[in-house]
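Chemist:
In my numbering, the protein residues as written are 2 to 216.
Shown next, in the form of structure tokens:
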């Protein structure tokens with residue numbers, strides 16, 4: 002986490018891109034298999050590369066021209082399509098341009114209330130919607146309205162609190178799941194060993210680690 006803060010990059014310890022979500026949310030999302038899945042993002046960035054490494058296709062919409070130019074230069078992946086649409090250009094309706102439904106929809110840009118309404122309409126029957134920085138609902142009517150829309154759509158809300166890349170404070174990433182949500186696990190067993198977990202090590206190595214920490 003310290004390296005991510007110092008370098009202002011959303012990357013894991015191996016230098017691979019990760020989203021600007023809370024670490025617990027990232028670990029949970031990494032536990033699923035996204036082969037054949039379609040992803041749509043309101044707001045692009047490191048998360049776009051994270052999804053492009055896993056899913057069949059990723060479509061992201063960005064409203065700021067300078068950021069769009071940056072990501073056009075820096076985000077290069079064969080399955081990633083980044084589009085520029087401003088608020089005046091029906092930003093939230095970009096999700097309907099291809100006439101598709103999406104398995105994962107990320108709301109992490111502007112006009113979250115309207116994006117939530119569009120996301121519910123475009124979500125697959127067993128998909129999920131990710132609302133990042135959802136704790137801002139305590140101070141933002143836009144965030145509060147987005148959460149209300151997703152809950153009234155019958156989606157199950159799961160909140161992941163904790164630290165995140167690039168910052169030194171905690172926040173919340175919320176997942177809203179269809180009640181028929183049934184993504185396959187990425188491995189044979191779920192859950193897997195998360196970051197910092199010791200159970201993948203033999204007993205002797207775990208004991209040596211404990212002694213080193215306590216000494």
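C-beta atoms are modelled at their ideal positions from N, C-alpha and C, and glycine is treated no differently. All of these numbers come straight from a predicted model, not from anything done at the bench.
1. Using DSSP bridges, identify the partner residues of residue 39.
2. Hey, could you find the ends of the beta strand (DSSP E) residue 172 is sitting in?
3. Quick one: which unbroken alpha helix (DSSP H) runs of 4-plus residues sit fully inside the region 51-138? Chain order, please.
4. Give me, in chain order, the residues of the same chain whose beta-carbon lies closer than 8 angstroms to that of residue 134; leave out the 5 immediate sequence neighbours on both sides.
5. So is residue 213 buried or exposed if we call it buried at 16+ other beta carbons inside 10 Å?
6. Whose C-alpha, out of 205, 191, 78, 204, is nearest the C-alpha of residue 34?
7. In angstroms, rounded to a whole number, what distance separates the CA positions of residue 12 and residue 20?
8. Using 8 angstroms as the threshold, is the region 176-184 in touch with the region 121-138, meaning 3 or more CB pairs across them?
9. What first and last residue would you give for the beta strand (DSSP E) that runs through residue 162?
10. Output the residue ranges of the alpha helix (DSSP H) runs that lie fully inside the region 10-36 and measure 4 residues or longer, sorted by chain position.
11. In chain order, what residues of the same chain lie with their CB nearer than 7 angstroms to the CB of residue 186, ignoring the 5 residues before and after it?
12. Using the Cα positions of residue 81 and residue 39, report the straight-line distance between them to the nearest angstrom.
13. Name the DSSP bridge partner or partners of residue 186?
14. Considering residue 142, what are the terminal residues of the alpha helix (DSSP H) in which it resides?
15. Cβ atoms of residue 113 and residue 147: under 8 angstroms apart, would you say?
Modeler: In brief:
1. 58
2. Counting along the chain, the unbroken beta strand (DSSP E) around residue 172 starts and ends at 171-178.
3. 66-75, 113-123
4. These residues qualify, in order along the chain: 109, 144, 172, 173, 174.
5. By the neighbour-count criterion, in which a residue is buried when 16 or more other Cβ atoms sit within 10 angstroms of its Cβ, residue 213 is exposed.
6. 191
7. Put simply, the backbone Cα of residue 12 is about 8 angstroms away from that of residue 20.
8. Touching, yes, given that three or more Cβ pairs across the two stretches are closer than 8 angstroms.
9. 157-164
10. 24-30
11. 32, 33, 34
12. Going from the Cα of residue 81 to the Cα of residue 39 covers about 11 angstroms.
13. 33
14. 142-153
15. yes
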